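So for the sequence shown, the working numbering puts the first residue at 8; every next one is plus one. One structure is given here, and the rest of the page talks about it.
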Amino acid sequence: MDAFICVTCGVQQVPSDRPPSTCPICQDERQYVRQSGQEWTTLDAMGSIGHRIELRDLEPGLTGVGIEPSFGIGQRALLVQTPDGNVLWDCVGYIDDAAVETIRSLGGVAGVAMSHPHFYGAMVEWSRAFAGAHIHVPEADMEWVQRPDGAVRPWSGALELVPGVTLVQCGGHFEGSAVLHWKGGAGGRGALLVGDTMTVVQDVRYVSFMRSYPNIIPLPASEVRRIVDAVRPYAFDRVYGGWWDRVMPSGGIEAVERSAHRYLHWIGARQPS
Ligand SMILES: [Zn+2]
Ligand SMILES: [Zn+2]
Numbered sequence: 008m009d010a011f012i013c014v015t016c017g018v019q020q021v022p023s024d025r026p027p028s029t030c031p032i033c034q035d036e037r038q039y040v041r042q043s044g045q046e047w048t049t050l051d052a053m054g055s056i057g058h059r060i061e062l063r064d065l066e067p068g069l070t071g072v073g074i075e076p077s078f079g080i081g082q083r084a085l086l087v088q089t090p091d092g093n094v095l096w097d098c099v100g101y102i103d104d105a106a107v108e109t110i111r112s113l114g115g116v117a118g119v120a121m122s123h124p125h126f127y128g129a130m131v132e133w134s135r136a137f138a139g140a141h142i143h144v145p146e147a148d149m150e151w152v153q154r155p156d157g158a159v160r161p162w163s164g165a166l167e168l169v170p171g172v173t174l175v176q177c178g179g180h181f182e183g184s185a186v187l188h189w190k191g192g193a194g195g196r197g198a199l200l201v202g203d204t205m206t207v208v209q210d211v212r213y214v215s216f217m218r219s220y221p222n223i224i225p226l227p228a229s230e231v232r233r234i235v236d237a238v239r240p241y242a243f244d245r246v247y248g249g250w251w252d253r254v255m256p257s258g259g260i261e262a263v264e265r266s267a268h269r270y271l272h273w274i275g276a277r278q279p280s
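Structure, rendered in structure tokens:
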């Protein structure tokens with residue numbers, strides 16, 4: 008049996024004899040099935056056509072984890088390293104021995120957590136490569152787990168995974184959409200790792216907020232305000248989005264507030280005070 012991986016979203020399914028007929032994550036209105044139809048692959052098939060994990064040092068204590076050539080929605084994960092343990096934030100739909108070995112030399116992975124289901128990738132493979140590291144999934148999004156596993160741990164609200172590294176549930180894109188606050192990031196000014204709970208846009212001085220990014224379905228004012236309210240208590244300067252080129256180098260909460268203000272204006276909502 009193979010654990011098939013959806014070519015469009017990169018999320019791995021429970022092992023089966025034959026590829027599943029549909030991918031529930033891509034069937035949802037927040038994703039899409041390619042016009043050419045549903046396609047599946049496996050880790051072995053990906054390896055045989057030359058996919059590999061690319062690791063990039065982004066700043067002291069932070070390593071990017073991506074797939075080359077690009078796969079799925081092109082996302083990359085982030086490994087936050089602390090003296091008390093490392094957290095893999097977000098996931099990708101592939102894993103290889105070379106990356107596992109390098110990450111072990113950096114202290115391994117104590118816990119895995121994702122911003123939302125579009126970044127679940129091959130999370131069970133990553134957990135198993137690191138002694139069954141716990142996979143933290145928001146209670147509200149448990150229905151989106153495509154490959155249930157004993158390492159999955161439900162959570163809600165906020166959860167400090169290791170000292171100074173805290174999961175914060177924001178809602179919006181998904182009810183369980185979360186960010187990871189890394190107190191020691193950006194030279195101690197703090198960093199917010201957001202996936203696309205809020206997304207760092209092409210103009211990296213701003214973020215934006217959507218129910219669906221590919222299908223361009225906006226969020227209502229109440230959800231945008233809820234996301235900003237959830238992150239306001241945390242000190243941060245830098246914002247890491249879910250892709251290599253989506254990083255807001257500085258600006259912190261002021262930039263997030265300014266982004267929300269602009270968004271609320273253009274959806275015709277009253278501006279926040
Ligand atoms: Zn899919
Ligand atoms: Zn998404």
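We put the beta carbon where it would ideally sit given N, CA and C, even for glycine. Note that the structure is a prediction, hence the values are computed from the model and not measured.
Residue i beta carbon near ligand 1 (any heavy atom closer than 7 Å)
i, result
"Val254", "no"
"Thr48", "no"
Own chain, CB closer than 6 Å to residue i, minus 5 neighbours either side, in chain order
i, result
"Pro170", "Asp91"
Distance between residue j and residue i (C-alpha atoms, nearest Å)
i, j, result
"Glu146", "Leu226", "21 Å"
"Ile110", "Val263", "32 Å"
"Cys33", "Asp148", "15 Å"
"Gln176", "Arg83", "20 Å"
"Arg277", "Leu271", "7 Å"
"Ala136", "Arg63", "19 Å"
"Ala52", "Gly79", "14 Å"
Residue i - containing alpha helix (DSSP H), residue span
i, result
"His143", "Element bounds for His143: not the alpha helix (DSSP H) but the beta strand (DSSP E), 141 to 145."
"Ser266", "259 to 273"
Closest by C-alpha distance to residue i, when choosing among the options
i, options, result
"Asn222", "Val40, Arg154, Val208, Thr29", "Val40"
"Tyr213", "Met255, Ala52, Cys13", "Met255"
"Asp24", "Leu166, Thr206, Glu66, Asp9", "Asp9"
"Trp250", "Gln20, Val201, Ile260, Phe216", "Val201"
Distance cut-off 7 Å: residue i Cβ against heavy atoms of ligand 2
i, result
"Tyr220", "yes"
"His141", "no"
"His268", "no"
"Arg37", "yes"
"Asp97", "no"
"Asp203", "yes"
Residues near residue i in its chain [Cβ-Cβ closer than 8 Å; skip 5 each side]
i, result
"Glu46", "Cys13, Val14, Thr15"
"Arg253", "Thr206, Val207, Val208, Val211, Tyr247"
Where the beta strand (DSSP E) through residue i begins and ends
i, result
"His188", "185 to 189"
"Tyr247", "245 to 248"
"Leu62", "59 to 66"
7 Å Cβ shell around residue i - same chain, five flanking residues per side excluded
i, result
"Val235", "Val263, Glu264, Ala267"
"Arg239", "Ile260"
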